[in-house]
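Trainee: This is the structure, below, for whatever I ask next.
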Amino acid sequence: MASYVIAAIKSWNIENAEAISARYPEHTFEIITDKAKLTADALKKIDPQYIFFPHWSWIIPEDIYGCFNCVVFHMTDLPFGRGGSPLQNLISRGIYATKLSAIRVSGGIDTGDIYDKEPVDIRFGNADQILRKISSVIFHTMIPKFIEGSPTPCKQTGEAVVFKRRTPEQSELPEGLSQRQIYDYIRMLDGEGYPAAYHKVPGGKIYYRNAKLTDGIVYADAEFRRDTE
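Residue 244 in this note's numbering sits at position 200 of the sequence shown, and the numbers go up by one each step.
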């Protein structure tokens, strides 16, 4: 029997964490959803074989990754795409075929050794739908490899490309986009916690969600909000 910790904040990752716990009843799983509870002292009591971070919004302290095997899952074919906002940076570049990299946490940003990579297609779907798809790959394909075996990490190879984290101001729809690019722009920002794509108009902004691309035409839900709201 082994112990594992899954640190997750997205609802679909929490659901999948509960499901994988039921799938492997011979092991124990601690699901942590509160940053305040992820401490070195608490983890020492659990003594996990691995700590998995399917989606975590905070920096992992050195006293945790230096003492435990911490695994994060990054949505690019590392070392390409290190850094922030990987989904938006990929789609805005017209990159629809990517890889999900399972890496060991280190002192750098997405610089750790790689345990595993799995292909992911992000050609269609909004941000939440894509993240749900990725969660399924993490919990149904990647984490089981750690539980059922012991993957050996290897150094990252190739040219490193670093993405910058996007800002809310970058959610404004640029001029001159093609229909496909407009569709991509709306869907990549259509998700839990993301600032939706918008146009500025007199007195406020129009926000767009639920984009569809049909026969080369973009259809989307639009919501007008005044600047005072």
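Glycine included, C-beta positions come from ideal geometry on N, C-alpha and C.
(1) Cα separation between I250 and S222?
(2) Count the other CB atoms, across all protein chains shown, that sit within 10 Å of the CB of I153; report buried if there are 16 or more and exposed otherwise.
(3) For E203, report the span of its alpha helix (DSSP H) as first-last.
(4) Under the three-state reduction of DSSP, which class applies to H71: helix, strand or coil?
(5) For M245, does the count of other Cβ atoms within 10 angstroms reach 16, so buried, or fall short, so exposed?
(6) Contact between the region 84-98 and the region 127-135: three or more CB pairs below 8 Å?
(7) Can you check whether the CB of V164 is closer than 8 Å to the CB of I187?
(8) Using CA atoms only, rank isn't needed, just tell me which of G247, D259, I191 and G193 is closest to R224.
(9) Taking the Cβ atom as the reference point for each residue, do P197 and D157 lie within a distance shorter than 8 Å?
(10) Could you tell me whether the Cβ atoms of S145 and H184 are closer together than 8 Å?
(11) By DSSP, does E219 sit in helix, in strand, or in coil?
(12) For the putative contact between H99 and N133, defined by C-beta atoms under 8 Å, what is the C-beta separation to the nearest angstrom?
(13) Just to confirm, is the Cβ distance from D234 to R209 under 8 Å?
(14) Here's the rule: buried if 16 or more other CB atoms are within 10 angstroms of the residue's CB, otherwise exposed. What is V206?
(15) Shortest alpha-carbon distance to Y159 belongs to which of I50, G151, C114 and R167?
Mentor: A quick look at the data gives this:
(1) Cα to Cα, I250 sits roughly 19 Å from S222.
(2) By the neighbour-count rule (16 or more Cβ atoms within 10 Å), I153 is not buried but exposed.
(3) Segment: none, E203 is in no alpha helix (DSSP H) and carries neither H nor E.
(4) Reduced to three states, the DSSP call for H71 is coil.
(5) One detail in the question is off: residue 245 reads as Val in this sequence, not Met. When all chains shown are included, V245 counts as exposed.
(6) No, because fewer than three Cβ pairs between the region 84-98 and the region 127-135 fall closer than 8 Å, the two stretches do not touch.
(7) Using a Cβ distance threshold of 8 Å, I187 and V164 do not count as a contacting pair.
(8) Residue D259 is the option with its Cα nearest to R224.
(9) Annotated as proximal: P197 and D157, with beta-carbon spacing under 8 Å.
(10) No.
(11) Three-state result, E219: coil.
(12) Not quite, the Cβ-Cβ distance comes to about 16 Å (not below 8 Å), so this is no contact.
(13) Going by beta carbons, D234 and R209 fall outside the 8 Å limit.
(14) Around the C-beta of V206, fewer than 16 other C-beta atoms lie within 10 Å, and the residue is accordingly described as exposed.
(15) Ranked by how close their Cα comes to the Cα of Y159, the residues I50, G151, C114 and R167 have C114 in first place.
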